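Below is one structure; the comments refer to it alone.
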């Protein structure tokens, strides 16, 4: 079954949207620096390739389709590095609202925002909530590529598992597996905080800091890419694809999420 909406005719889209549980997967990336060794389109490539692999594995009769990857995202933290092209927050939200409204009007019942850029997780959560409030019949599920599948962390050693936030071991390895010709020879290790943050504070986590990459890194890397390998990248890719297949299969087999329980009397 063809799952790319842009390849369907409008009668085919109408038929797709009318199926019970009809779901659209919308991949999100970014055009932003990824150190001296990875391309600007790293996040977009990851979202696109994982989405394609997941949909190829799902049973043909499942009611799920995809939009083209959204390349430009919200990346002001990387603005000090040439090539980063960031949308204003309000423009990314408007994009989600506009396209989401049209999917809702077409009759689709669920929209999964499949995001691979960590810097716009919170923003897409806001956009999802606003879209849902404006179109209550459309369930909106903002997801982060690296947070869904089980077992990803087990493949990464500490401190990289906790502190490898950008263009480090995981992303470099995944790119070596997916597109090795796009990976430069450097394997930077940068972004280690000296001195470390005071107790209870961190770049990410329960009490995060609105950091800019240039605050902590001269190369654009926040992590350690020195141990990166295509073999690790293959393992990461398989965990990502298998994990998201499992999550989407369970979603498509259920009426989740709940909607419209407010009593009218």
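Residue numbers (this note's numbering): 17 to 281.
Note that CB positions come from ideal geometry on N, CA and C, so glycine has one too.
Computed from a prediction, not measured in an experiment: that's the story for all the values here.
1. Buried or exposed: residue 91, going by 16 or more other Cβ atoms within 10 Å of its Cβ?
2. Decide if the stretch 78 to 87 is in contact with the stretch 216 to 224; the criterion is three or more beta carbon pairs, one per stretch, under 8 Å apart.
3. Between which two residues does the beta strand (DSSP E) carrying residue 159 extend?
4. Using the Cα positions of residue 261 and residue 192, report the straight-line distance between them to the nearest angstrom.
5. For residue 80, which residues does DSSP report across the bridge?
6. Here's the rule I'm using: 16 or more other beta-carbon atoms within 10 Å means buried, otherwise exposed. How should residue 145 be labelled?
7. In the DSSP assignment, find the alpha helix (DSSP H) that holds residue 128 and state where it starts and stops.
8. List the DSSP bridge partners of residue 54.
9. By how many angstroms is the C-alpha of residue 27 removed from the C-alpha of residue 93?
10. What residue from 253, 137 and 156 has the CA that sits closest to residue 187's CA?
According to the data block:
1. buried
2. no
3. Run containing residue 159: 155 to 160, per the beta strand (DSSP E) assignment.
4. Rounded to whole angstroms, residue 261 to residue 192 spans 23 Å at the Cα level.
5. According to DSSP, residue 80 bridges with 39.
6. exposed
7. Looking at the DSSP string, residue 128 is not in any alpha helix (DSSP H); the run it does join, the beta strand (DSSP E), is 126 to 131.
8. Per the DSSP secondary-structure output, residue 54 pairs in a beta bridge with 50.
9. Taking the Cα positions, residue 93 is about 42 Å away from residue 27.
10. 253
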